[in-house]
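Written below as structure tokens is the structure these notes are about.
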Amino acid sequence: MKKTVFIMIVIFALNWTLALGQNKVESDFKKLADQILDNLDSFFPVVSAQKGIHNYDYTFTNYSGGSIKGEIEKLKKYEKDLVKKFGKANLSPESRINYRLLKSGLDITLLNLNKIEWHKKNPYLYVSDAVNGIYLIVVSEYAPLETRAQNINARMKLIPDLFKQAKKNLKNPPPVYIQLAREMLTTGIDFFRTVEADLSAKLPDLAGELNVSTSGAIDAMRDFAEFLATLPPGDPGSFAIGKQNFDYKLQHEYLLDYDSDSLLKIGENLLEKYRNQYNDYLAELEAENPTVDSVFVIDCITRNDILRYYNWEVDQTKLFIEQNGLVTLPDNIGQCRVVETPPFLTNMISGIAYEPPGVFSPVQTGLFYVRPIPDSMDAGQREARYKFINRRGFKSSVVHEAYPGHHLQFQYASQIENRIRKWHENMCFIEGWALYCEEMMYDQGFYGSDNPRYLNILGGIIFRAARIVVDVKLQTGQMTIDEAVNWMAEQTGGDTSWIRIEINRYTTTPTIPMSYLIGKEEIVRLRDYLMETDGDNFSLGDFHDRLLSEGAIPPHLLWDIWGLKE
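To convert a position in the sequence shown, counted from 1, into our numbering, add 71.
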């Protein structure tokens, strides 16, 4: 009896010791993870503000040589400590996933700072930081206006130093980057004037100081524009990050198990697949020869009427999702408000777009950007706008940007308690989910009997397939900008001037163009696998809830998280 009791005590003590050791490992891992994220948040304050973290709204990234070198050394040490201490540690399943996400973040940040070196080749980086650094404070409602105005004023004072760093760092940037920077400088100056006038009217005690800081910022922007006009440009194709870096991003940022050569073949195959679907469906529609009823057009439609329609369509889409159980709407969901695209963003946003509130923001109001609407319209414009409303032309746009697309996905992400999951924003998930929603909503009867709308959906997917090809070929030096514009116009039937705006943006965001369709295909593959294995027990609504609750992480990682065999 005594021997049995002794053995039980030994086993209990051993289990207790193991539990204490496990808790210590988990605690140490969390401590290092917090240090890594705190460092990244403080070093990239504009990115932090975009995530809804406003602790550093009074400053900008320090792009000086010494600062960049110091940050690279710090990140390398963090990564070394992460791998050495926890690479083979007995972490919990959740912490093991967090480990992979943390390492992914460190890998890609080091790639950007130490290999690609955007701060040396992209003047648009500095202009974007300056303008978005102010804009994100203006549109966020995380604090009273007085507090936000003080941060705006502080950042305005730092803009001259930001552009001094730019002038020192930049050497022979790609011509397209110079063009993009100069365009945004022009609209950014107008935006700064608007901010100053608005804040001075609302906060007269700050008007004098704000005038001085804004004037200094605008002078610095004008000086930088003159600098760019005389800066010797590099080779037109020097924007390309190269095959090695592109492959690294695929494998370390998106956790994909293939390289750019395979991705190119995937893109070409998807382009052919969806073009065939489009042509087959078009032939069916032409055989049916549908008739179009004439529409009585009123002649008094206004700009505000159009904006009200846009916002109404958002509410109707949200209602459809709720009534059909396609996904659970979170409690206290933030508003998605349709607004016109700010002038300083028009050179980079050719159509519609969504500005999320930031997953860490206490206020979850998202902004849905649409093209500016003229204050006055002639008879032809009014007729076109009215017919657009009558046939509910905005309906499909809402699916991608608002419900159940970007806005709903960010609402889910904002409610995740796990800091690492919440912080991570993988574009394959974010854009893949939004594109997936377009086709899924059609399949669920959202468009009713208006079958021709499916052509628009297929056309959009064809465009995203072409993006994969262009993304790879641009960034690996297989295609020039002009070649990409002409090829994409030929493949998609798009207007070349609009496509050029798109292509210019692609040069600054390698792998993001491919993320839309690749992410969508990953989600479909996962869904179809579960539909087959779960059979009658499969619920589409439950799948969507489960998917969104994981956070915006690489979709490929979900197979491991859910214990599925590919």
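Note that the Cβ used here is the ideal one computed from N, Cα and C, for glycine as well.
**Q.** Where the beta strand (DSSP E) through Leu438 begins and ends
**A.** From DSSP, the beta strand (DSSP E) with Leu438 extends over 437-441.
(Q) In chain order, what are the residue ranges of uninterrupted alpha helix (DSSP H) at least 4 long that sit wholly in the stretch 522-560? (A) Within the stretch 522-560, the complete alpha helix (DSSP H) segments of 4 residues or longer fall at 524-546, listed in chain order.
Q.
Is the beta carbon of Met585 closer than 8 Å to that of Ile632?
A. No, Cβ-Cβ distance for Ile632 and Met585 is not below 8 Å.
Q) Nearest to Val409 by alpha carbon, out of Phe431, Pro401, Arg379, Phe391? A) If we check each option's Cα against that of Val409, Arg379 comes out closest.
Q.
the ligand NAD and Leu397: does any heavy atom of the ligand fall closer than 7 Å to the residue's C-beta?
A. With respect to the ligand NAD, the structure shown offers nothing to examine, as it has no ligands at all.
Q) Straight-line CA distance for Leu89 to Asp152? A) For Leu89, the predicted model reports a pLDDT of 48, less than 50, meaning its position is unreliable; a value from the coordinates is still stated below. Each residue's CA atom was taken as its position, placing Leu89 and Asp152 some 23 Å apart.
(Q) Quick check on Tyr425: does DSSP put it in helix, strand or coil? (A) If DSSP states are grouped into helix, strand and coil, Tyr425 belongs with the strands.
**Q.** Closest residue to Ile187 among Thr580, Thr285, Lys458 (Cα-Cα distance)
**A.** Checked all of Thr580, Thr285, Lys458; the closest Cα to Ile187 is Thr580.
(Q) As a quick exercise: from Val209, Asp105, Asp294, Leu216, pick the residue whose alpha carbon is nearest that of Gln236. (A) Selected option, being the one with the closest Cα: Asp294.
Q: Please work out which residues of its chain come closer than 6 Å, Cβ to Cβ, to Lys192, disregarding the five sequence neighbours upstream and downstream, and give them in chain order.
A: Pro244, listed in sequence order.
Q: Identify the continuous beta strand (DSSP E) that holds Val410 and give its terminal residues.
A: Counting along the chain, the unbroken beta strand (DSSP E) around Val410 starts and ends at 407-411.
Q. Using a Cβ-Cβ cut-off of 7 Å (strictly less than) and excluding sequence neighbours within five positions of Gly396, which residues of its own chain qualify?
A. Gly612.
Q: Could you tell me the boundaries of the alpha helix (DSSP H) in which Tyr319 lies?
A: Run containing Tyr319: 314-323, per the alpha helix (DSSP H) assignment.
**Q.** Ala311 in three-state terms, based on DSSP
**A.** Reduced to three states, the DSSP call for Ala311 is coil.
**Q.** Glu496 (DSSP reduced to helix, strand or coil)
**A.** Of the three classes helix, strand and coil, the one that applies to Glu496 here is strand, per DSSP.
Q. Which residues in the same chain as Asn375 place their Cβ atom closer than 6 Å to its Cβ, once the five residues preceding and following it in sequence are excluded?
A. There are no such residues.
Q. In terms of residue numbering, what span does the alpha helix (DSSP H) encompassing Phe262 cover?
A. Here the alpha helix (DSSP H) through Phe262 covers 246-273.
Q) Arg442: which of Gly451, Ala424, Asp449, Thr436 sits nearest, CA to CA? A) Considering only alpha carbons, the answer is Ala424.
Q: Provide the residue span of the alpha helix (DSSP H) that contains Glu212, from first to last.
A: In the DSSP annotation of this structure, Glu212 is not part of any alpha helix (DSSP H), being labelled neither H nor E.
**Q.** Which of helix, strand or coil DSSP assigns to Ala160
**A.** Three-state result, Ala160: coil.
Q: Starting from Gly516, trace the alpha helix (DSSP H) both ways and give me its first and last residue.
A: Counting along the chain, no alpha helix (DSSP H) covers Gly516, and no H or E run does either.
Q) So what does DSSP say about Ala473, is it helix, strand or coil? A) Correct three-state label for Ala473: coil.
**Q.** Residue range of the alpha helix (DSSP H) that includes Gln452
**A.** From DSSP, the alpha helix (DSSP H) with Gln452 extends over 450-461.
(Q) Here's the rule: buried if 16 or more other CB atoms are within 10 angstroms of the residue's CB, otherwise exposed. What is Pro303? (A) Exposed, because fewer than 16 other Cβ atoms sit within 10 Å of the Cβ of Pro303.
(Q) Short of 7 Å in beta carbon distance, which residues of its chain neighbour Gln348, apart from the five on each side in sequence? Order them along the chain. (A) Excluding sequence neighbours, Gln348 sits near Leu529.
Q) Among all the DSSP beta bridges, which residues are the ones paired with Ala623? A) DSSP lists Glu496 as partners of Ala623.
Q) Can you tell me whether DSSP reads Trp633 as helix, strand or coil? A) Coil, per DSSP.
Q) Which residue comes first and which comes last in the alpha helix (DSSP H) that contains Gln387? A) Looking at the DSSP string, the run of the alpha helix (DSSP H) that includes Gln387 is 374-394.
(Q) Please classify Ala455 as buried or exposed, where buried requires at least 16 neighbouring CB atoms within 10 angstroms. (A) Flag for Ala455 reads exposed.
Q. What residue range is occupied by the uninterrupted alpha helix (DSSP H) comprising Gln348?
A. Gln348 -> alpha helix (DSSP H) spans 331-359.
Q. Quick one: what's got a C-beta closer than 6 Å to His125's C-beta in the same chain, skipping five residues either side?
A. In its chain, beyond the 5 residues on either side, Tyr213 have a beta carbon closer than 6 Å to the beta carbon of His125.
**Q.** For Pro194, three-class secondary structure by DSSP
**A.** In the displayed model, Pro194 falls within a helix according to three-state DSSP.
Q) Of the residues Gly279, Met550, Lys344, Thr258, which one's Cα is nearest the Cα of Glu267? A) Gly279 is the residue among Gly279, Met550, Lys344, Thr258 whose C-alpha sits nearest the C-alpha of Glu267.
**Q.** Straight-line Cα distance separating Leu545 from Lys336
**A.** For the pair Lys336 and Leu545, the Cα-to-Cα distance works out to about 15 Å.
Q) Excluding sequence positions up to five away, which residues of its chain have a Cβ less than 7 Å from the Cβ of Ile312? A) Within the same chain, Ile312 has close Cβ partners Ile187, Gln546, Pro581.
(Q) Mapping the DSSP letters down to three states, classify Val430 as helix, strand or coil. (A) When secondary structure is reduced to three states using DSSP, Val430 falls in the coil class, being assigned neither helix nor strand.
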